[in-house]
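Asker:
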């Protein structure tokens with residue numbers, strides 16, 4: 007049982023002076039450089055310029071389970087002959103908290119945020135997937151018993167700068183985690199993702215590509231992230247039919263890997279295309295491939311009239327290049343997957 011405790015400060019919240027004021031700059035959350043605190047967050051390298059990772063945060067102050075993606079950044083240009091306007095930085099920040107606030111200025115100075123890292127199990131198309139998330143609890147009642155307890159932990163912590171690490175059970179937080187987990191649908195789909203936050207993170211990745219040496223493939227570590235980003239990139243519609251069948255919390259869409267995972271393909275969203283289940287199966291089996299101009303090429307030995315009718319049709323391509331199918335991945339599929347069904351008989 008581990009909790010990362012942080013008391014919010016004036017600067018990181020955009021220097022808001024009054025209850026009705028707007029921030030004068032972007033908002034973020036400073037993270038402590040203390041090794042005990044950092045050991046419960048993804049490792050970021052000092053030798054990689056402005057290294058960063060994507061964190062999955064689950065706010066406990068919302069009514070239901072919602073996955074929020076945020077960028078956790080080590081601004082380390084001090085060690086790379088760089089500088090921020092002549093001021094080299096050596097600091098950790100958690101960005102995109104705007105969406106954690108429900109598109110309002112929810113966080114206030116001296117509020118306390120508690121992050122609890124935890125591995126949860128998710129159901130993705132019948133497969134159980136483990137994912138490390140961070141439950142985020144906000145204590146903004148400065149007169150509450152919990153606020154006083156957390157404040158004391160910070161005040162007497164050996165970690166400098168309004169932080170603490172606690173390894174004792176916080177019952178109210180554990181109870182809230184159980185409540186929020188019960189709001190999850192049995193079948194996990196894109197409806198539980200903060201899509202605006204996800205789009206902001208994808209924009210941030212594109213921007214950071216010019217100021218960071220982080221390998222983008224390393225940012226996407228599991229099938230859940232892959233599915234979420236691909237689904238949002240394709241507007242939650244099949245790339246080929248531009249349709250979806252929704253039934254309660256179920257739908258018939260799947261994020262298809264172009265360069266298969268079993269062959270060493272990545273979870274990078276540009277290695278994915280959103281398809282309905284039947285087309286995903288046909289794509290994985292090699293019944294059809296996607297040309298460099300994003301048109302469908304159906305194998306001549308495929309006897310399905312439905313598939314042959316798709317030959318030459320152009321798939322939907324996301325507007326943002328970040329989500330667009332990788333040409334290198336398409337080449338791999340064209341050369342190594344297309345026609346693979348021939349080894350298993352005529353379809």
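In my numbering, the protein residues as written are 7 to 353.
In this text, a Cβ means the ideal position worked out from N, Cα and C, and glycines have one as well.
1. How far does the beta strand (DSSP E) with residue 206 in it extend, from its first residue to its last?
2. CB-CB under 7 Å to residue 245, same chain, minus the five flanking residues each way: which ones, in chain order?
3. Grab me the residues of residue 116's own chain with a C-beta within less than 7 Å of its C-beta, minus the 5 sequence neighbours each way, in chain order.
4. State buried or exposed for residue 166, treating a residue as buried only when at least 16 other CB atoms are found within 10 Å of its CB.
5. If you check the beta carbons only, do residue 37 and residue 100 fall under 8 Å apart?
6. Just verifying my parser: in three-state terms, what is the DSSP assignment at residue 346?
7. Would you mind listing the alpha helix (DSSP H) stretches within the stretch 25 to 77 that are 4+ residues and don't spill past its ends, in chain order?
8. Alpha carbon to alpha carbon, how far is residue 240 from residue 113? Give it in angstroms, no decimals.
9. With H, G and I counted as helix, E and B as strand and the rest as coil, what does DSSP make of residue 260?
10. Taking a contact to mean a Cβ-Cβ separation below 8 Å, would you say residue 50 touches residue 9 in this structure?
11. Looking at the unbroken beta strand (DSSP E) that takes in residue 281, where does it start and where does it end?
12. Rounded to the nearest angstrom, how far is the Cβ of residue 156 from that of residue 140, given a contact under 8 Å?
13. Taking 8 Å as the limit between beta carbons, can you name the residues of its chain near residue 58, skipping five residues before and five after?
14. What residue from 297, 111, 82 has the CA that sits closest to residue 146's CA?
15. Taking the alpha carbon of residue 233 as the reference point, which residue from 274, 295, 254 has its own alpha carbon closest?
16. Expressed to the nearest angstrom, what Euclidean distance is found between the alpha-carbon atoms of residue 163 and residue 174?
17. DSSP puts residue 169 in a beta bridge; with which residues?
18. For residue 190, which option in 39, 71, 344 has the closest C-alpha, if you only look at C-alpha atoms?
19. By Cβ distance below 6 Å, which residues in the same chain neighbour residue 170 in space, the five residues on each side in sequence not counted?
20. Taking DSSP as the reference, what is the three-state secondary structure of residue 155?
21. For residue 137 and residue 29, what's the separation of their Cα atoms in angstroms?
22. Helix, strand or coil: how does DSSP classify residue 188 here?
23. Please work out which residues of its chain come closer than 8 Å, Cβ to Cβ, to residue 222, disregarding the five sequence neighbours upstream and downstream, and give them in chain order.
24. Buried or exposed, going by whether 16 or more other CB atoms sit within 10 Å of the CB of residue 53?
25. Could you tell me how far apart the beta carbons of residue 260 and residue 283 are, in whole angstroms, since I believe they sit closer than 8 Å?
26. By DSSP's criteria, residue 252 is part of a beta bridge. Which residues make up the other side?
Answerer: If we stick to the structure as given:
1. Where residue 206 is concerned, there is no enclosing beta strand (DSSP E), although the alpha helix (DSSP H) it sits in stretches over 201 to 214.
2. 279, 280, 281, 321, 322
3. 13, 14, 148
4. exposed
5. yes
6. helix
7. 41 to 44
8. 32 Å
9. strand
10. no
11. 278 to 282
12. Their Cβ separation, rounded to whole angstroms, is 16 Å, which puts residue 156 and residue 140 out of contact at 8 Å.
13. 50, 77, 78, 79, 80, 214, 218, 220, 225
14. 111
15. 274
16. 14 Å
17. 12
18. 71
19. 11, 159, 160, 163
20. helix
21. 33 Å
22. coil
23. 211, 215, 274
24. exposed
25. 6 Å
26. 257
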